[in-house]
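Student: The structure that follows is given in the form of structure tokens.
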Amino acid sequence: MRYLCIGEPLVEFTTAPDTPDSFIRRAGGDALNTAIYLARLTGAGQVGYLSCLGDDPQSLWLRQTIAEEGVDISTLAQRPNARPGLSFIATDENGERSFTYWREQAPYRSHFDKPVNVADLDRADVLYVSGVALAVLNPKGRVNLLHALARRRSEGAQVVFDTNYRPVLWSDARTASSVLGAAAGIASVVLPSSADIAACFDVPTPDAAMTFLMTLTDAEVVLTSGRGAVLYRPEGGKTFDCHELPPAVTAVDTTGAGDSFNAAWLASRGNGATVAASIQDAARLAAIVVRHRGAIIPVAAMAHLIRKENL
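Below, the structure is given as structure tokens:
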């Protein structure tokens, strides 16, 4: 495999549009969303998923669903008598979502407590991890994973970090800013949003966020600003530039927008596209995703993008 995404898989429930008392079950989790979109864009066998599930019916359903999307599950461990995390998503009239979680019992939380479980990081050249994936780990496992990522970076692997800051998942703000800062310092590519940086580090504007990140890491930075533009700083660069995006679309559901953006960015850059073209490809997929309900849209809705990446 070329890419390995690290994170917690969830059984995700969203309210059915026409029947508020019914729920639609989907596979969820930010890194899993990225893995699925990246697998669609790069081809089966190119993307793996490093995590842990149980042996209950919901875990088995998740494993099958992930495999059917072309994601390599050889690094998806199975723990006897364990149960996966659950997520319930509510979406408002503007397509913005709120989450309620039941994930304390999930086996991923303690998966990296044993250092042997980070060995699978050696199986890929591009390693993708998010703030959510770090937040839900036990402190011991979090340290083990960060140390392993730093080792792989020193060995020449590319470490891609999506800040994806969710305050409710952290014990306190100081721990969150410390861990996210450490991960950004390890990474070779950082994919933050200005909203994440504002909330976690109290840096109020996109330009200030990018300036702050440049003091935190030498990584390549692709910062989504939420104002119709992306700010970009090349690895080790002393300045950044601004890339305008196409006009915003009317969102039905913003779940998975950032995850799909990241997947398309990685696929395009991995395929040799320029920075400017990769940003536009990423924005194009995200714009399609937000016009559908749920984080993972039908393959047919993005078929033209899949053909483009596989030319």
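All you need for our numbering is the position in the sequence shown, starting with 1, plus 44.
Even glycine gets a Cβ: it sits at the ideal position worked out from N, Cα and C.
By the DSSP assignment, the beta strand (DSSP E) with VAL170 in it spans what residues?
Tutor: It spans 170-174 - the beta strand (DSSP E) in which VAL170 sits, taken as one unbroken run.
Student: Name, in chain order, the residues that DSSP records as bridge partners for GLN108.
Tutor: Note: GLN108 sits in no beta bridge, so no partner.
Student: CA-CA distance, ASN161 and THR219?
Tutor: Rounded to the nearest angstrom, the two C-alpha atoms are 24 Å apart.
Student: Starting from ARG147, trace the alpha helix (DSSP H) in both directions and tell me its first and last residue.
Tutor: It is not in any alpha helix (DSSP H) - ARG147 carries neither H nor E in the DSSP assignment.
Student: Given this structure, state the Cα-to-Cα distance separating ILE340 from ARG107, to the nearest angstrom.
Tutor: If you take the alpha carbons of ILE340 and ARG107, they lie about 16 Å apart.
Student: If ALA228 and PHE205 are in contact, beta carbons under 8 Å, what's the gap, nearest whole angstrom?
Tutor: Rounded, the Cβ-Cβ distance is 6 Å, consistent with contact.
Student: Provide the residue(s) that pair with ILE68 in DSSP beta bridges, ordered along the chain.
Tutor: Note: ILE68 sits in a beta bridge opposite THR58.
Student: Pick from CYS96, SER322 and HIS336: whose alpha carbon is nearest that of THR294?
Tutor: Closest by alpha carbon: HIS336.
Student: Kindly identify the DSSP beta-bridge partner or partners of LEU275.
Tutor: Paired residue(s): LEU267 and CYS286.
Student: Return the CA-CA distance between LEU355 and GLY200, expressed in angstroms with no decimal places.
Tutor: Reliability of the predicted coordinates at LEU355 is poor, the pLDDT of 47 falling under 50, and the value obtained from them is presented with this limitation in mind. So the alpha carbons of these two residues sit roughly 28 Å apart.
Student: Look at LEU193 and ILE133 and say whether their C-beta atoms are less than 8 Å apart.
Tutor: Contact: no.
Student: Can you grab the Cα-Cα spacing for the pair VAL266 / GLY225, in whole Å?
Tutor: Roughly 16 Å separates the two Cα atoms.
Student: With distances taken Cα to Cα, identify the nearest neighbour of LYS158 among VAL223, ASN188 and GLU52.
Tutor: Measuring from the Cα of LYS158, the nearest candidate turns out to be ASN188.
Student: With DSSP as the reference, identify every bridge partner of VAL203, one or two as the case may be.
Tutor: Looking at the DSSP assignment, VAL203 forms a beta bridge with LEU171.
Student: Between which two residues does the alpha helix (DSSP H) holding THR78 run?
Tutor: THR78 -> alpha helix (DSSP H) spans 74-86.
Student: Quick one, which of THR268, ASP285, VAL233 and GLY272 has its alpha-carbon nearest LEU260's?
Tutor: Of the listed residues, the one whose Cα sits closest to LEU260 is VAL233.
Student: Would SER174 and GLY51 qualify as a contact pair, given that the criterion is a beta-carbon distance under 8 Å?
Tutor: Against a cut-off of 8 Å, the Cβ pair of GLY51 and SER174 comes out as a contact.
Student: Return the first residue and the last residue of the alpha helix (DSSP H) that SER118 is part of.
Tutor: Segment: none, SER118 is in no alpha helix (DSSP H) and carries neither H nor E.
Student: With a threshold of 16 other CB atoms inside 10 Å of the CB of HIS348, please say whether the residue is buried or exposed.
Tutor: Result: exposed.
Student: Return the CA-CA distance between THR119 and SER131, expressed in angstroms with no decimal places.
Tutor: Approximately 23 Å, taken between the alpha carbons.
Student: Quick check: the Cα distance between PRO236 and PRO101, rounded to an integer number of angstroms?
Tutor: About 35 Å.
Student: Quick check on THR63: does DSSP put it in helix, strand or coil?
Tutor: THR63 falls in the coil class under three-state DSSP.
Student: Using 8 Å for Cβ pairs, my map puts TYR47 next to ALA168. What's the rounded Cβ distance?
Tutor: Right, the Cβ-Cβ distance comes to about 6 Å (below 8 Å), so this counts as a contact.
Student: Are the stretch 122-130 and the stretch 61-70 in contact at 8 Å, needing three or more beta carbon pairs?
Tutor: Touching, no.
Student: Per DSSP, which one or two residues make a beta bridge with VAL91?
Tutor: Note: VAL91 sits in a beta bridge opposite TYR47.
Student: What does the Cβ neighbour count give for PRO183, buried or exposed, with the cut at 16 atoms within 10 Å?
Tutor: Burial call: exposed.
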